[in-house]
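Residue numbers (our numbering): 1378 to 1718. Don't be surprised by glycine CBs; every beta carbon is placed ideally from N, CA and C. Beneath this line is the structure, given in structure tokens, with notes to follow.
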């Protein structure tokens, strides 16, 4: 492990490895990522892996569109597959008011150069036949949506960054951050101290703990998030066989539902209203590749809507329920930028 670097990135999830890669790509090769455990431990390893380009903030939408193209770039450089599935996806409107929202989103997308299209519920059903189209009044199609393997993508970022000269140190927790009078930092770890000009907090579930090392209480909270995986479904296999393509991703505002194909079954998740904080004050340092106990009763209202709108899924057996923590800021947006001081 080096003793002096230009920048230290704390945290080896998909965000930390992406930051490391982009710094290396910009020519900052004297950089280091420090991870307390293994890459992806925390939230990245159990993420559902969906992506899309549409966002209410045009700048974020452009960033998301850039990221989709970036996956192919890091696959080439690293030789590591991201398991990219560019299936396309639809946002469904169940009321005229939500359809008005999609018309506005479509106009914004066109302005940003996105190839979105307003379609009928029947056209959406043709690409995702598990839905009951009579529950909807319209939809918006976005061809640049899909899903990937979050763990593979994290490894691809890390390998690409290392090829460009970055260093990655695993199983080495940062225990203290102190600043010198010249503005440089002492990054104190279990294996020694690294001096750095810049420190980037990509701690994820531990972002609060890292922030507190410099006297900053970050406005973020770790929340439980659930999705379920079904058993293989004959309808999915038949669709794949007859069309030669994968089922698309679907977002249903009514139940805060997202769903897509996962192998020969379906993944269905929800950002439910009855959200539940996890470790509201501190995240245990020894937490890593664990999941939380399932709590289907909490998301039952969303599942009820989901099964009504997508009756084909209701008939399937549940193979696994994933409940894992993710860190969110108060407004749901990424917390990005310099810290004063």
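Are the CB atoms of residue 1624 and residue 1616 nearer to each other than 9 Å?
yes
Using alpha carbons as the reference points, say which of 1691, 1673, 1650 and 1581 lies closest to residue 1390.
Ranking 1691, 1673, 1650 and 1581 by CA distance to the CA of residue 1390 puts 1581 first.
Residue 1588 and residue 1522 look like a contact to me (Cβ under 8 Å); what is the Cβ gap, rounded to whole Å?
33 Å between Cβ atoms; not a contact.
Burial state of residue 1517, where buried means 16 or more other Cβ atoms lie within 10 Å:
By the 16-neighbour rule on beta-carbons within 10 angstroms, residue 1517 is buried.
Contacting residues, own chain, Cβ-Cβ under 6 Å from residue 1694 (five flanking each side not counted):
Contacts found: 1608.
Between residue 1678 and residue 1698, how many whole angstroms is the CB-CB distance? I'm expecting something under 8 Å.
Incorrect: roughly 16 Å between the Cβ atoms, too far for contact.
I'd like the list of long-range same chain contacts for residue 1642, defined as Cβ closer than 7 Å, with 5 residues on each side in sequence excluded.
Correct list, in chain order: 1606, 1607, 1608, 1609, 1610, 1613, 1693 and 1696.
Which residue comes first and which comes last in the beta strand (DSSP E) that contains residue 1546?
1544 to 1546
Please report how far the alpha carbon of residue 1648 lies from the alpha carbon of residue 1484, in whole angstroms.
26 Å
Return helix, strand or coil for residue 1698, following the three-state DSSP convention.
strand
Any chance you could list the beta strand (DSSP E) runs of at least 3 consecutive residues sitting entirely within the region 1505 to 1548, in chain order?
Listed in chain order, the complete beta strand (DSSP E) runs (minimum 3 residues) inside the region 1505 to 1548 are 1515 to 1519 and 1544 to 1546.
Identify which residue in 1509, 1460 and 1528 has its Cα closest to the Cα of residue 1784.
The chain is shown only over 1378 to 1718; residue 1784 falls outside these bounds and no answer can be derived.
Could I get the ranges of all uninterrupted beta strand (DSSP E) runs contained in the region 1644 to 1671, with 3 residues as the minimum, in chain order?
none
Residue 1445 (DSSP reduced to helix, strand or coil):
helix
Helix, strand or coil for residue 1476, going by three-state DSSP, please let me know.
helix
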